[in-house]
Every structure is written in C-alpha cells, then in structure tokens.
Amino acid sequence: MVNGNTGNSGTQEVDGRSEPGHSATVSMSALIEAALSRRAFLGVTVAGACAALMEGTGRAGELVRCTHPTGLFQFRNVPASQTDAVVVPEGYVAEVLYRWGDPINGVGPAFRPDASNSAEEQNRQAGMGHDGMEFFAIPGVDPNARGLLSVNHEYTDQILLFTDGVIGDRPPAPMPLEKVHKSMASHGISVVEIARGADGRWAVADSPKARRITADTPVAIAGPATELIGTATRGTVNNCSAGRTPWGTYLTCEENFQGVFGTNDPTWEPSAEDQRYGLQKLGFSYTIGEDKVPAFRWWEHDPRFDLARPDNDAVRFGYVVEIDPQDPASTPVKRTALGRIRHENAELTLATDGRVVVYMGDDQAGEFIYKFISRESYDPARKELHGVTSRGGLLDDGTLYVARLSEDGTGRWLALVPGENGIPAGNPAAISVMTRQAADAVGATPMDRPEWLAVHPQTNEVYVSLTNHSSRETTDPGNPRTKNIFGHILRWRETGDDPGALEFDWQIFILAGNPAHPEPTNHGNVAGDAFGCPDGLKFDSSGVLWIQTDMSSSVLGKPGYAELGNNMMLAADPVSGEVRRFLTGPVGCEVTGIAFTPDRKTMFVNIQHPGEPDDDLSDPSNPEEISSWPDGKGFGRPRSATVVVRKLDGGVVGS
C-alpha cells in the first residue's frame, strides 16, 4: 500500500517505499504518559472492571488488563516463523482455495506458470493482490456448506504479471496495450461461488453468479459528488479492504488509486489538490531501474488516467463502492457521501435508532478516522433506501464526520458540513471530492496510518489499527510514540454505547512492538505474542478480535524485526488483553482479509504478495527467488491466494 500527500515533513517508509508524509494542519500537544497508564477505574478492582467491560459497562478511556482468562480461545499458539509456508496451530489445516490466475468458475482458463495468460483470460481469472473479502450466504442454501466469496484484488506486481516483466518497455516507446489491459484486468474484485466437499475441503464451483469487476467495468456514481463529477465512470482500482451491509451487499474500498494515474507530459505540474491526494507524474513510486521507469503506465493508452488531460478520472476514484454479489448483471455504485480518501475498510453498524453508521480510516501517516451517519434509519421493508439500485438512499444521504481526540481520553466527531466547524460555506459536493481538505479545516487528529476498523459485536466498542509512522517527530492524542515503527491499536466507546453518538471515550488498547528491539520506545506492551504493524482487524461473533500484520518486506528479517518472523494473524481478548499467535504466512507476504462461515467452522484468510523482495521489485528471470508459495518450486511464480483454515475435528475455529 503506497501512501503520500502534501505538507511534507520528511519521508516515511510504507511497505518498503519512501514518500512524503503528511504534516497535519492542526498539531495538538503531546500525549501525557497518563494516557498510557490508565489501567483501572477509581475505586474498582481489576476483576470488577473486567466484569464491567464484559457486561458492556466499562469506560473506554480506561485500559484494563484482566488477570484471569475469559476462555475466548483455546488453541495453542504457533511460534514466529520465517518459513515459506502458512503455519497454523496443531489440530488445524490450511488449504489453498483461490489463487491469482485461478478461473472464477473453477473450470478455465487455467493459469499459465510463465504468466503468458492474455488480458482477456485474466478478465475471467482471479486478480492479483488478494486483500479484503466477505462471505455471503446464497438464499435457500446451507451457508456453512456453500456460499459466495467476494475478494478484493488490491494491486499488481507488474513484473510477475508478465512473462518478460516490464524491463523491456522503456520510454519513449509506450507500454504495450495488451500489458495495460492485463494489468487493469488484475485489479478489482472477484465474486466466486465456493462449496465444501464431503471430505471437508472447499473448492470454487461453476456458477452463473461468478464474475470479475475490474478497472474497466462500467460503474455508477451516486451521492453528493455527482453534481461535480457526473453519474458514471469505468472501473474500480486498488481495492484494499471491505465491508458488508445488512441488506446483503459488499462494500469494496478504493485505497491507493493515485498510483495508476500519471502523465508523460513534461509540462504538467500537480495542483495543490493533486498534491493533497499524492497524484504525481510517475504514478506509483514503484519504478524500475536507475532511470526510474514507472511500472504502471496506463495513461499511455487510456486518457482517463492521464493527469495532463483536464477530463481525467482522478476525482472519480477514492471511494467506497457497493456491489451486489448475488446479481452478476448489477452495476457497482461509488458512494461519494462516504468521502474521497485512501479508504482501507468500511465497517458498517447501526445506531440505536437504526441509522446506518460506517467507520472508515484513511491509510496514510498523518491522516484521519471518519464515520458516516445516514439521515434515515434502516428499514428492511423500504427497499428504495438501500441496495445498489438505490439513489439518494441510506449511503447517499447523511453526514460525514471526522474524529478529534483529546488528551483526557475523550473525543468528538466533527461534522464535515459547509459553514460548520471552520469549513467555509459552499457546495457540499466539494466535501465529497476534497474530503481531506475538509478534515484539515476542522482540526481533526492526524493518526499513524488508520487502517481497518472493527466493532465489537456485544459492546459496540470500536477498534482501529494504526500500522506505523516511522517519521513521526512529535506525539499527539492517540499517537503516543515518535518514530512509531511498530504501530498500535486504539479503541473507543461511543457515549451511551450508541454508534450514532458524537462523543466518545478512547484508549490505547495495544502498543505493538518487539521486546528485543534496540529502541526501548518500540518495545510495546503486548500481553502475549509480540507482533508489529497491525493492519487487518475483525471480530468474530464470540468477541475474539483477529489481528493481521503488514510489516514491510523492506524490514522483514532485519535487526529489530527478525524475532517477529514473517507476517502473521493473532487472536486478542478485548477484556484480558491477551494476544495469541494463530497463523504465520510465507516469506515476503502480507496477511490480510478474513471471513467466516456462520458456524465459524471455516475461516478464510488472504495471503498477499508472497515473495515480495525488500525493494518491491521481483526478478523476472528468477520469480521464485524469494518464495514459491503456494505451488512450490518449479511452478512459475508466487501467487496471492485465499486460504481456508479449518479444525481437523470439525470444531469452531479458535476453540
């Protein structure tokens, strides 16, 4: 995930790439040590506080470490690993389900290990960079044995994608059109039907519901921004994590969309608005060779991505996109009322009065945490208010807010509305397009890469992963460490436990880190298995918080990180604070994306970019140099994939 914008304050290292960090418009005073030392309620024992939290009555501004186990999970932890494999606890098995290049119907076209599949074939195969996903029941079918899996494909490794990499595609000659089309077909979303066999193994099934949505699929636009950017475009790109709605649709999130925009026009210079969103001539800072040839050059064939064209599509990307997984003929819709940012995920819940609440993070150092509250309440009977065919419905009509945290452990949601909180009066459509600038104006708290958000199924507490900010020079509310290389998890409780409230109490849940790290400030306070750079977060129905990590390939195995091994997934007990390692991934990968069947006997996990080198540039002459997962040596190249994790005795995952 590439991150960058205006207000340079040095460089940050994000997933192995260096680029400017954001210097917030509003800088708040340093967070006092007391913000980390809040451990129990005044006059309440630890055990009593734990009981209060379990009953949903604890104050979110207090961090309580219980001394007794709550029994949320019983598996034996796995050790840190640097092996090229997915490792799970004793009594479990991890099986590959759906890899880059696998056909969406389970039949064909088959993946070619030399990457010689055409763009047309790639349109009918799994894309690259598996990330967020959700599992959906099919009406009238046992959801524990069959269902639909919607999977995001975040980005492409342009070298692994092509037989000859992109080494020979040097300017002034443009990148071949076929390569551009194949790269575009590797972005987006898969919807596949999957079924469990008699032996317990899952496989992709042939299904009329199967489809790919790519960077060239017709997409509708809805919400306030339509007044400025129109009602239609083509494509969705850089689809990071996701969410789901109570009416059964999938929310896919466009994150680093700026990376596929660029230009060959030497006279083009970015405007202030372009800079705020990280738009630059070379697209991704992912370049090849000493002459820094950009690995993405879609703009050479498709003017939508050429920044020198006044009608380019940059303002039409960076949104949450709603998809109906049940209807392959339906048109995806970009919901602009949720703002234009580098969306990580979209965690949807309901306020006490039934209004829809969507929590979101903007994944870049120094950016913000948002939530959207719909104007009307969710009513299953009012179909006109929800679903991908709705316009002016629940996800189009409401108020977008941004979070401000105070040093005393309280916080407030600030409305992004013209004429309020320091935002000039004007057109509300502009806020949906220039959301970051609106958040700057109201004085939101800049955070250390807000990524996934997750809502506790019983208490309504909200958790957010803050992956890292290695160039941070000062501290502020919610971000207590300078040079925050390992990141942390923050949580809060809304007033009255109501997601529709506008005030909350917050606390640091976990400071991630390695006890063996030479810098004491990065040791962290993990109660259990150490980890770094939390990213994916998801609660299961029992209240276990599952944490996935994204330590950059540039630091994996290096001093201060070697003891942590490869990226991993852990289980955390929100009450006791215990963290236990459940899964470790292959070399060079990110562990991301998680979904369950309703009975929780099947877990789906995504493994992204196995074999990624520390400079992000694979060797086209030796693509298996770092990793050969999941197929093993001699099968061409490493492949992102969805993995099924299940217990051999048929029990609930985590038990």
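Position in the sequence shown (first residue = 1) + 278 = this note's numbering. Positions of the beta carbon are idealized from the N, C-alpha and C atoms, including for glycine.
| Residues bridged to histidine 766 [DSSP beta-bridge criterion] | As a working mapping, residue 766 is identified with position 488 in the sequence shown. BP columns for histidine 766 point to Leu744 and Leu789.
| query | Taking the alpha helix (DSSP H) that isoleucine 709 falls in, what are its first and last residues? | reply | Mapped onto the sequence shown, residue 709 falls at position 431. Unbroken alpha helix (DSSP H) run through isoleucine 709: 706–711.
| task | Evaluate alanine 312 with the Cβ neighbour count: other Cβ atoms within 10 Å of its Cβ, from every protein chain shown; 16 or more gives buried, anything less gives exposed. | result | For this step, residue 312 is matched to residue 34 along the sequence shown. Because the pLDDT at alanine 312 is just 39, under 50, the model does not fix this residue reliably, and the point stays unresolved.
| Other residues of its chain near proline 852: CB distance less than 6 Å, five sequence neighbours each side excluded | Along the sequence shown, read from residue 1 onward, the residue named residue 852 stands at position 574. Around proline 852: Leu823.
| said: Determine whether the beta carbon atoms of proline 864 and alanine 404 lie at a separation below 8 Å. | reply: Here residue 864 is taken as the residue at index 586 of the sequence shown, counted from 1. Here residue 404 is taken as the residue at index 126 of the sequence shown, counted from 1. Contact flag unset, no.
| With a CB to CB cut of under 6 Å and the five nearest residues on each side skipped, what residues in its chain are close to glutamate 239? | What is shown of the chain runs 279 to 933, which leaves residue 239 out entirely.
| Which same chain residues, not among the five before or five after threonine 627, have their C-beta less than 6 Å away from its C-beta? | Within the sequence shown, residue 627 is the residue found at index 349, counting from 1. For threonine 627, where only same-chain residues beyond five positions count, the Cβ hits under 6 Å are Val635, Val733 and Pro777.
| message | Using C-beta distances below 7 Å, list every residue in its chain close to glutamate 368, excluding the 5 sequence neighbours before and after it, in chain order. | response | As a first step, residue 368 is located in the sequence shown; it is residue number 90 there, counting from the start. Only Arg354 meet the Cβ criterion.
| Whole-number beta carbon distance between arginine 474 and alanine 423, since they are thought to touch under 8 Å | In the sequence shown, residue 423 corresponds to position 145, counting from 1. In the sequence shown, residue 474 corresponds to position 196, counting from 1. About 5 Å separates the two Cβ atoms, so the contact holds.
| query | Can you give the Cα-Cα distance for isoleucine 904 and alanine 716, rounded to whole angstroms? | reply | Position 626 of the sequence shown holds residue 904. Position 438 of the sequence shown holds residue 716. Rounded to the nearest angstrom, the two C-alpha atoms are 43 Å apart.
| task | Would you give the residue range spanned by the alpha helix (DSSP H) that threonine 504 belongs to? | result | Counting from 1 along the sequence shown, the entry for residue 504 is found at position 226. Element bounds for threonine 504: 504–507.
| message | Can you look up alanine 592 in the DSSP assignment and give me helix, strand or coil? | response | Along the sequence shown, one-based indexing puts residue 592 at 314. Three-state DSSP puts alanine 592 in a helix.
| task | Look at the alpha carbon of valine 611 and the alpha carbon of aspartate 589, and state the distance between them as a whole number of angstroms. | result | Residue mapping note: residue 611 aligns to position 333 of the sequence shown, counting from 1. Residue mapping note: residue 589 aligns to position 311 of the sequence shown, counting from 1. So the two alpha carbons sit approximately 20 Å from each other.
| Which stretch, first to last residue, makes up the alpha helix (DSSP H) that contains lysine 460? | Within the sequence shown, residue 460 is the residue found at index 182, counting from 1. Taken as a continuous stretch (DSSP letters only), the alpha helix (DSSP H) holding lysine 460 covers 455–464.
| field | Beta bridge counterpart(s) of arginine 934 as assigned by DSSP | value | Residue coverage of the chain in this structure runs from 279 to 933, which leaves residue 934 outside it and unanswerable.
| How many Å lie between threonine 511 and arginine 594 at the Cα? | Along the sequence shown, read from residue 1 onward, the residue named residue 511 stands at position 233. Along the sequence shown, read from residue 1 onward, the residue named residue 594 stands at position 316. One alpha carbon belongs to threonine 511, the other to arginine 594, and they sit about 7 Å apart.
| query | If you compare alpha carbons, which of Leu375, Leu663 and Val720 is closest to glycine 478? | reply | For the purposes of this step, residue 478 is identified with residue 200 of the sequence shown, where counting begins at 1. Comparing Cα positions, the closest option is Leu375.
| Alpha carbon to alpha carbon, how far is tryptophan 480 from valine 720? | For this step, residue 480 is matched to residue 202 along the sequence shown. For this step, residue 720 is matched to residue 442 along the sequence shown. Answer to the nearest angstrom: the Cα atoms are 49 Å apart.
| Length of the line joining the Cα atoms of histidine 795 and isoleucine 763 | One-based indexing of the sequence shown puts residue 795 at position 517. One-based indexing of the sequence shown puts residue 763 at position 485. Going from the Cα of histidine 795 to the Cα of isoleucine 763 covers about 11 Å.
| Classification of aspartate 591 by the beta-carbon crowding that lies within 10 angstroms, buried from 16 upward | Counted from its first residue, the sequence shown places residue 591 at position 313. Flag for aspartate 591 reads buried.
| task | Compare the C-alpha of isoleucine 499 against each of Ile601, Glu625 and Pro758 and name the closest. | result | Here residue 499 refers to the residue found at position 221 of the sequence shown. Nearest to isoleucine 499 by C-alpha distance, out of Ile601, Glu625 and Pro758, is Ile601.
| From Ala393, Pro696 and Phe809, pick the residue whose C-alpha is nearest to that of isoleucine 788; which is it? | Residue mapping note: residue 788 aligns to position 510 of the sequence shown, counting from 1. Nearest option by C-alpha distance: Phe809.
| field | alanine 946 vs glycine 932 beta-carbon contact at 8 Å | value | Residue 946 cannot be examined here, being either before or after the span of the chain that is shown, 279 to 933.
| query | In angstroms, rounded to a whole number, what distance separates the CA positions of alanine 493 and arginine 917? | reply | Looking up residue 493 in the sequence shown gives position 215. Looking up residue 917 in the sequence shown gives position 639. If you draw a straight line from the Cα of alanine 493 to the Cα of arginine 917, it is about 20 Å long.
| request: From the DSSP output, in three-state form, read off arginine 390 for me. | output: Translated into positions along the sequence shown, residue 390 becomes position 112. If DSSP states are grouped into helix, strand and coil, arginine 390 belongs with coil.
| message | Once DSSP output is grouped into helix, strand and coil, what is the label at leucine 842? | response | Your numbering for residue 842 matches position 564 in the sequence shown. Correct three-state label for leucine 842: helix.
| query | Helix, strand or coil: how does DSSP classify proline 572 here? | reply | By 1-based counting over the sequence shown, the position of residue 572 is 294. Here proline 572 sits in strand by DSSP.
| query | To the nearest angstrom, how far is it from the Cα of aspartate 442 to the Cα of glycine 567? | reply | For the purposes of this step, residue 442 is taken as the residue at position 164 of the sequence shown. For the purposes of this step, residue 567 is taken as the residue at position 289 of the sequence shown. Each residue's Cα considered, the two are about 15 Å apart.
| Just curious, the alpha helix (DSSP H) that aspartate 552 is in, first and last residue? | Looking up residue 552 in the sequence shown gives position 274. Element bounds for aspartate 552: 550–554.
| query | alanine 873 lies in the beta strand (DSSP E); which residues open and close that run? | reply | As a working note, residue 873 is residue 595 in the sequence shown. Residues 868–874.
| query | If you draw a straight line from the C-alpha of lysine 457 to the C-alpha of phenylalanine 440, how long is it? | reply | Here residue 457 is taken as the residue at index 179 of the sequence shown, counted from 1. Here residue 440 is taken as the residue at index 162 of the sequence shown, counted from 1. One C-alpha to the other measures close to 7 Å.
| field | Bridge partner(s) assigned by DSSP for methionine 411 | value | Residue 411 sits at position 133 when you count from the first residue of the sequence shown. Val429.
| Own chain partners of glycine 838 with C-beta closer than 7 Å, once the 5 adjacent residues on each side are dropped | On the sequence shown, residue 838 is found 560 positions in, with the first residue counted as 1. The answer, listed in chain order, is Asn792, His795 and Pro796.
| said: Alpha carbons only, please: which of Ala629, Ser464, Ala483 and His887 is nearest the one belonging to valine 385? | reply: Working through the sequence shown from its first residue, we reach residue 385 at position 107. When only C-alpha atoms are compared, the closest one is Ala483.
| request: Enumerate, from N- to C-terminal direction, the unbroken beta strand (DSSP E) stretches of 3 or more residues contained entirely within the stretch 654–717. | output: 676–683 and 688–693
| said: Considering Cα atoms alone, identify which of Phe782, Leu672 and Glu625 is closest to glycine 687. | reply: If you number the sequence shown from 1, residue 687 lands on position 409. For the residues Phe782, Leu672 and Glu625, the minimum Cα distance to glycine 687 belongs to Phe782.
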